[in-house]
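Notes to accompany the following structure.
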C-alpha cells in the first residue's frame, strides 16, 4: 500500500528526458506503455507504467536493428582476417568499443542522440572506473585488485584509450572505461551466442521483487519486455536482479542494496562450495549451529525469519550434516574461521561501521559535502560489508561459547 501511495503521488510533470525517450522510441520503431521519470541509482531514471498492466502483457518492443550486437565468439572468418586475437579481447570489450563508437556519433544519428539518456561517468560508481586513490575508499583489497585487473586488461588492449595507472585522478575514467562499465551493467543476451546493448530496455532498473522480465525472439528479431504480474499505473517496472553477492553486484552495477543481501558471501570462504571444498576438520555441524542459533533467538531452519546478513553468513559457512568433530574440535574450527574474518576486517576496515553510517547520514543531510558524489555508493558498500562481517563474527563467537560449555 505504501508503495502504491508513493507511486500515486509521484511527480507527473513531462520532463526533457521523457520527451527525448518518447521521440527516440518513434525514431526506432519501438513501442511501449511506459514513460521515463526520476528514480534511484544508478542513473536517477526509471521506466513507469502509463496504464494498469495485466500479467504476461508485452509493454516494450525494441527491434534488433537498433541494438548494438556482438557475438560471444568471433566468427572464424573474422578471426582469420584479424590474425592473432588476444584471449582478453572478449565479447564485452568488443561490445564496449562499438558502444564507444556509437556514442561518438560514428554509427547513427539515433545512437548519437540516445547516448544522452545513458548515465554519465560521474553518475557511475563501478570500481573499474576509479583511480587507485578512490579505490582505496572501498576498504576491500580483493575488490580493488579485481578492478585494477580489469583496468589493466583494457590498458593492454587499448593503451591509447586508457589512462596510466599513476595518471592524475582527473584522467579517470576514460571513455572506454565508461562504455565498458555500461556493457558490463546493461548488456542483454540475444539468443545463445550474442549480447546486445538494447536501447530503452537498458533503462529498466533491477529489483529483488521484479514485476517484468525480458525475452528475445530470433524469429521476430525483437526484444520484448513482459510483465510477470499485474502492474499498477505509474508503478516502476523492474527486472530481476539475480543472485549476486555484493562484491560482484558492486563491480557490475556500482551500487548495493542497503539492509543486507541474502546472497552475499564472506571474504576468503568459498560460498556455496565451502561445504564441499573445506577440509573435514574445518566444517561446522549444521545441527549444532542450529542449536546455537536458537539460543540466540534465531531459527536456522527457517531462513526467511533471519536477517539478510544472517542468511548470507549461513550460506557462506562450511556446514555439514554429519560432523566427525567433537564439540571442542568444532569450537576450535569456529574460532579459526572467526579469527580469519577478524584478520580480514583489521586489514581492510580503516573505519568502523558506525563511522561510515554517520558519514553517509551527514552527506545525505547536507552537513558535509562528499569530494566525489560517487563516494556515497562506496560508503554504502563498506557499511554492508562490515555489517556482514560483524554478523558472522558474532554468530561464530556465540557458537564457540556454546560448544565450549558442552
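Residue numbers (full-length UniProt numbering): 1 to 406. The C-beta atom is built at its ideal place from N, Cα and C for all residues, glycine as well.
Problem set entry | Close beta carbons around residue 311, own chain, < 6 Å, minus the five adjacent residues each side | The residue you call residue 311 lines up with position 311 of the chain shown. If we look at residue 311 and ignore the five residues flanking it on each side, its Cβ neighbours are 262, 303.
Problem set entry | C-alpha distance - residue 68 paired with residue 256, whole-angstrom precision | Start at 1 with the first residue of the chain shown, and residue 68 comes out as number 68. Start at 1 with the first residue of the chain shown, and residue 256 comes out as number 256. In a straight line, the C-alpha of residue 68 is about 27 Å away from that of residue 256.
For this session: Please report how far the alpha carbon of residue 425 lies from the alpha carbon of residue 164, in whole angstroms.
Result: Beyond the ends of the chain as shown, which are 1 and 406, falls residue 425; an answer cannot be given.
Exercise. CB-CB under 7 Å to residue 105, same chain, minus the five flanking residues each way: which ones, in chain order?
Worked result: Residue mapping note: residue 105 aligns to position 105 of the chain shown, counting from 1. The beta carbon of residue 105 sits closer than 7 Å to the beta carbons of 112 from its chain, once the five residues preceding and following it are set aside; these are given in chain order.
Exercise. Which term fits residue 52, buried or exposed, when burial requires 16 or more other beta carbons within 10 angstroms of its beta carbon?
Worked result: Stepping through the chain shown from its first residue, residue 52 is reached at position 52. With fewer than 16 Cβ atoms within 10 Å of its Cβ, residue 52 is classed as exposed.
Problem set entry | For residue 269, the first and last residue of its enclosing alpha helix (DSSP H) | Here the question's residue 269 lines up with position 269 in the chain shown. DSSP places residue 269 in no alpha helix (DSSP H); its state is neither H nor E.
Exercise. Does the distance from the CB of residue 205 to the CB of residue 238 come in under 8 Å?
Worked result: The residue given as residue 205 occupies position 205 in the chain shown. The residue given as residue 238 occupies position 238 in the chain shown. Note that the C-beta distance between residue 205 and residue 238 is below 8 Å.
Exercise. How about residue 191 and residue 216: are their beta carbons less than 8 Å apart?
Worked result: Taking the chain shown and counting its residues from 1, one reaches residue 191 at position 191. Taking the chain shown and counting its residues from 1, one reaches residue 216 at position 216. In contact: residue 191 and residue 216 (Cβ atoms closer than 8 Å).
Exercise. Would residue 167 be called buried (16 or more neighbouring beta carbons within 10 Å of its own) or exposed?
Worked result: For this step, residue 167 is matched to residue 167 along the chain shown. By the neighbour-count rule (16 or more Cβ atoms within 10 Å), residue 167 is not buried but exposed.
Problem set entry | Residue from 33, 73, 102, 38 with nearest C-alpha to residue 407 | Since the first residue shown for the chain is 1 and the last is 406, residue 407 is missing from the structure and cannot be characterised.
Exercise. Thinking C-alpha only, which one of 233, 241, 198 is nearest residue 221?
Worked result: Against the chain shown, residue 221 aligns to sequence position 221. Of 233, 241, 198, the residue nearest in Cα terms is 198.
Problem set entry | Burial state of residue 428 (16 or more Cβ within 10 Å) | The structure shown does not extend to residue 428, since the chain is modelled only from 1 through 406, so no value can be given for it.
Exercise. So who's on the other strand from residue 34, going by DSSP bridges?
Worked result: Here residue 34 is taken as the residue at index 34 of the chain shown, counted from 1. Looking at the DSSP output, residue 34 bridges to 49.
Problem set entry | Whether residue 260 touches residue 308 by CB criterion (8 Å) | Position 260 of the chain shown, counted from the start, is the residue given in the question as residue 260. Position 308 of the chain shown, counted from the start, is the residue given in the question as residue 308. By the CB criterion at 8 Å, residue 260 and residue 308 fall inside the cutoff.
Exercise. If you drop the 5 nearest sequence neighbours on each side, which residues of the same chain put their C-beta closer than 7 Å to that of residue 407?
Worked result: Absent from the model: residue 407. The displayed extent of the chain is 1 to 406, so no value can be given.
Problem set entry | Beta-bridge partners of residue 63, as assigned by DSSP | As a position in the chain shown, residue 63 is number 63, starting the count at 1. DSSP output for residue 63 lists 222 as bridge partner(s).
Problem set entry | Option nearest residue 114 by Cα separation, candidates 19, 397, 258 | In the chain shown, residue 114 corresponds to position 114, counting from 1. Each of 19, 397, 258 was checked against the Cα of residue 114, and the nearest Cα belongs to 19.
Exercise. Residues in its own chain within less than 8 Å of residue 282 by CB, not counting five upstream and five downstream?
Worked result: The residue labelled residue 282 in the question sits at position 282 within the chain shown. Correct list, in chain order: 318, 333, 336, 337.
Exercise. What does DSSP give as the partner residues of residue 197 in its beta bridges?
Worked result: Position 197 of the chain shown, counted from the start, is the residue given in the question as residue 197. DSSP, once it has assigned bridges, lists 68 as partnering residue 197.
Exercise. Which residues mark the beginning and the end of the beta strand (DSSP E) in which residue 217 is found?
Worked result: Position 217 of the chain shown, counted from the first residue, corresponds to residue 217. Note, residue 217: beta strand (DSSP E), 212–217.
Problem set entry | C-alpha gap between residue 252 and residue 173, whole angstroms | Within the chain shown, the letter at position 252 stands for residue 252. Within the chain shown, the letter at position 173 stands for residue 173. When the Cα atoms are used, residue 252 and residue 173 turn out to be separated by approximately 15 Å.
Problem set entry | N- and C-terminal bounds of the beta strand (DSSP E) containing residue 407 | Since the first and last residues shown for the chain are 1 and 406, residue 407 lies out of range.
For this session: Tell me where the alpha helix (DSSP H) around residue 100 begins and ends.
Result: Start at 1 with the first residue of the chain shown, and residue 100 comes out as number 100. 91–103 is the extent of the alpha helix (DSSP H) around residue 100.
For this session: Buried or exposed for residue 234, please, with buried defined as at least 16 other CB atoms from any protein chain shown within 10 angstroms of its CB.
Result: Here residue 234 is taken as the residue at index 234 of the chain shown, counted from 1. So residue 234 counts as buried.
For this session: Can you give me the start and stop residues for the alpha helix (DSSP H) that residue 138 sits inside?
Result: As a working mapping, residue 138 is identified with position 138 in the chain shown. Residue 138: not part of any alpha helix (DSSP H); DSSP gives it neither H nor E.
Exercise. For residue 175, which residues from the same chain have a beta carbon less than 6 Å from its beta carbon, with the 5 sequence-adjacent residues on both sides left out?
Worked result: Here residue 175 corresponds to residue number 175 of the chain shown, with the count starting at 1. Counting only Cβ-Cβ distances below 6 Å, and skipping sequence neighbours, we find 100.
For this session: Return helix, strand or coil for residue 278, following the three-state DSSP convention.
Result: On the chain shown, residue 278 is found 278 positions in, with the first residue counted as 1. Note: residue 278 maps to coil in three-state DSSP.
For this session: Alpha carbon to alpha carbon, how far is residue 61 from residue 212? Give it in angstroms, no decimals.
Result: Mapped onto the chain shown, residue 212 falls at position 212. Mapped onto the chain shown, residue 61 falls at position 61. Each residue's Cα considered, the two are about 13 Å apart.
Problem set entry | Complete runs of the alpha helix (DSSP H) confined to the stretch 278–362 [at least 4 residues] | Counting only runs of 4 or more, we get 286–295, 308–316, 327–348.
Exercise. By the 10 Å Cβ neighbour count, where 16 or more other Cβ atoms means buried, how is residue 26 classified, buried or exposed?
Worked result: For this step, residue 26 is matched to residue 26 along the chain shown. Per the 10 Å Cβ criterion, exposed.
For this session: For residue 218, collect the residues of the same chain with a Cβ closer than 7 Å to its Cβ; drop the 5 residues on either side in sequence, then sort them by chain order.
Result: Along the chain shown, read from residue 1 onward, the residue named residue 218 stands at position 218. Hits under 7 Å: 191.
Exercise. With distances taken from CA atoms, which of 386, 98, 327 is nearest residue 182?
Worked result: As a working note, residue 182 is residue 182 in the chain shown. Closest option to residue 182, Cα to Cα, is 98.
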